[in-house]
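Undergrad:
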Amino acid sequence: MKIGNVLYPVSDVERAVAFYRDGLGLAVKFTDGGRFAALDADGTTFALAGPAEDVTGGDPAASFKVPDVAAAVERLTAAGARLVAGPDQGPHETRAVLRDPDGNPLIVYAPR
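Under the UniProt record's numbering, think of the first position of the sequence shown as 1, with each following residue one higher.
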């Protein structure tokens with residue numbers, strides 16, 4: 001299990017990219033227009049999700065890269081998580097959104 005990224009929902013991806021790039025010096029790894037951006041925070045991906053990619057309802061969340069999303073969802077729900085959405089095919093990955101037993105959001109995903 002690996003943290004693939006830390007996801008922050010934002011209202012304006014371009015503005016948020018400029019803020020974190022210029023304010024913290026994070027390097028831009030990838031952008032998908034106003035939908036999504038990935039920045040490098042010294043080896044950890046800091047992801048910015050625009051309204052079309054906000055899968056957590058506005059809550060920041062850790063995203064865990066897993067080999068099998070369905071299997072991870074099964075294990076997590078058996079351990080007490082609540083499935084919120086998915087597994088769904090996103091534009092770049094298969095993902096599911098869950099809430100842990102304390103209500104914190106987490107995402108599990110696998111590249112397509």
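We put the CB at the ideal spot given by N, CA and C, even for glycine. As the structure is a prediction and not an experimental result, all values here were calculated from the model.
Give the single residue among Val97, Arg112, Asp102 whose Cα lies nearest to the Cα of aspartate 54.
TA: For the purposes of this step, residue 54 is taken as residue 54 along the sequence shown, with counting starting at 1. Checked all of Val97, Arg112, Asp102; the closest Cα to aspartate 54 is Val97.
Undergrad: Can you tell me whether arginine 81 is buried or exposed? The criterion is at least 16 other CB atoms within 10 Å of its CB, across all chains shown.
TA: Reading the sequence shown from its first residue, position 81 is the one you call residue 81. Arginine is not the amino acid found at residue 81; the sequence shown has alanine there. So alanine 81 ends up on the buried side.
Undergrad: Counting only beta-carbon separations shorter than 7 angstroms, does threonine 44 have a partner in chain D?
TA: The structure shown contains no chain D, having only a single protein chain.
Undergrad: For the candidate residues Tyr109, Ala62, Asp59, Phe46, whose alpha-carbon lies nearest to that of aspartate 68?
TA: Position 68 of the sequence shown holds residue 68. Out of Tyr109, Ala62, Asp59, Phe46, Tyr109 has the C-alpha closest to the C-alpha of aspartate 68.
Undergrad: Can you round the beta-carbon distance between alanine 47 and valine 6 to whole angstroms, since I take them to be within the 8 angstroms contact cut?
TA: Residue numbering aside, residue 47 sits at position 47 when the sequence shown is read from its first letter. Residue numbering aside, residue 6 sits at position 6 when the sequence shown is read from its first letter. Confirmed, Cβ separation roughly 7 angstroms.
Undergrad: Is aspartate 40 near alanine 27, with beta carbons less than 7 angstroms apart?
TA: As a first step, residue 40 is located in the sequence shown; it is residue number 40 there, counting from the start. As a first step, residue 27 is located in the sequence shown; it is residue number 27 there, counting from the start. Taking 7 angstroms as the Cβ cut-off, aspartate 40 and alanine 27 qualify as a contacting pair.
Undergrad: Is the beta carbon of arginine 99 sitting closer than 7 angstroms to the one on isoleucine 107?
TA: Your numbering for residue 99 matches position 99 in the sequence shown. Your numbering for residue 107 matches position 107 in the sequence shown. No, they are not a contact pair.
Undergrad: Going by other Cβ atoms of all chains shown within 10 Å of its Cβ, with 16 needed for buried, is leucine 24 buried or exposed?
TA: Stepping through the sequence shown from its first residue, residue 24 is reached at position 24. Exposed: under 16 other Cβ atoms inside 10 Å.
Undergrad: Can you tell me the Cα-Cα spacing of phenylalanine 36 and proline 60, whole angstroms?
TA: As a position in the sequence shown, residue 36 is number 36, starting the count at 1. As a position in the sequence shown, residue 60 is number 60, starting the count at 1. If I take the Cα positions, the gap works out to 14 angstroms.
Undergrad: Which of the three DSSP states, helix, strand or coil, is assigned to threonine 45?
TA: Within the sequence shown, numbered from 1, the residue matching residue 45 stands at position 45. Three-state result, threonine 45: strand.
Undergrad: Compare the C-alpha of proline 101 against each of Pro111, Gly86, Thr77, Pro91 and name the closest.
TA: To locate residue 101, count along the sequence shown from 1; it is residue 101. Distance check between proline 101 and each of Pro111, Gly86, Thr77, Pro91 places Thr77 closest, using alpha-carbon atoms only.
Undergrad: Going by CA-CA distance only, name the one from Gly103, Ala52, Pro91, Ala79 that's closest to residue 152.
TA: The structure shown does not extend to residue 152, since the chain spans only 1 to 112, so no value can be given for it.
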